[in-house]
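What follows is a short report on a single structure.
In our numbering, the protein residues as written are 77 to 260.
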């Protein structure tokens, strides 16, 4: 019996180590986790878990959006920006919820930025498949960077995540976070 007990204990330890435990994402790994993706002919598409980041989808891309399992759309464009078609109608016809957060290209209202960050955070936490887009994915990347920073990422890692999601310059995000280090 004495020789069987150590073997049994080793077997139990190995079984415990082999059990599936939730993986913790290493700090600073989110930028690496944002992967290039495809949604029809939509430019600058990337994906992070259940979140899709992109430039403006074309009129013919909504079936691909629906086929990808996306359930909601967060549009960061000003309502006055020309999309070439009625996007809200196309999204709703595809059975998607549609919400606009008007991030103007030249000025960012803290209230609108934080509302967009909050909507992105809610989508991430509920695992709701969500498309976040603007004209070029630049504003999307800015919101992603602010979201990742607010979620505890170091600034440089949050900036890298924003760049992976389409942000073209980090100056606006750095200035915004300097002026608004905490959510209002």
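All residues carry an ideal CB built from backbone N, CA and C; glycine is no exception.
**Request:** Would you grab the beta carbon distance between residue 248 and residue 218 for me? Rounded to a whole angstrom, and I think it's under 8 Å.
**Result:** 6 Å
**Prompt:** Is the distance from the Cβ of residue 261 to the Cβ of residue 200 below 9 Å?
**Reply:** Outside the modelled stretch of the chain, which goes from 77 to 260, sits residue 261, for which no answer is possible.
**Request:** Report all residues from its chain with a CB closer than 7 Å to the CB of residue 213; omit the five preceding and five following residues, and keep chain order.
**Result:** 120, 129, 130, 131, 241, 242
**Asked** Who are the near neighbours of residue 135 in its chain, counting only those whose CB is closer than 6 Å to its CB and skipping five residues on each side?
**Response** 161
**Asked** Nearest to residue 209 by CA position, among 145, 179, 246, is which residue?
**Response** 179
**Prompt:** Who are the near neighbours of residue 211 in its chain, counting only those whose CB is closer than 7 Å to its CB and skipping five residues on each side?
**Reply:** 131, 132, 153, 157
**Nonlocal neighbours in the same chain, by C-beta distance under 7 Å from residue 260, ignoring five residues either side** = 186, 190
**Request:** Would you grab the beta carbon distance between residue 146 and residue 196 for me? Rounded to a whole angstrom, and I think it's under 8 Å.
**Result:** Actually they do not touch by this definition, with Cβ atoms about 14 Å apart.
**Message:** Classify residue 118: buried if its beta carbon has 16 or more other beta carbons within 10 angstroms, exposed otherwise.
**Reply:** buried
**Prompt:** Which residue from 170, 163, 231, 244 puts its Cα closest to that of residue 250?
**Reply:** 231
**Request:** Compare the C-alpha of residue 263 against each of 163, 167, 221 and name the closest.
**Result:** Residue 263 lies beyond the residue range present for the chain, which begins at 77 and ends at 260; the question has no answer from this structure.
**Message:** Excluding the 5 residues flanking residue 101 on each side, which residues of the same chain have their C-beta closer than 6 Å to its C-beta?
**Reply:** Any answer about residue 101 is weak, because its pLDDT of 41 lies below 50 and its placement is not dependable; what the coordinates show is given next. Excluding positions up to five away in sequence, the list is empty.
**Asked** Going by other Cβ atoms of all chains shown within 10 Å of its Cβ, with 16 needed for buried, is residue 137 buried or exposed?
**Response** buried
**Item:** Where the beta strand (DSSP E) containing residue 123 begins and where it ends
**Value:** 122 to 124
**Message:** If you reduce the DSSP assignment to three classes, tell me which class residue 94 lands in.
**Reply:** Note that residue 94 has pLDDT 39, beneath the 50 cutoff, so the model's placement of it is unreliable and no number is given.
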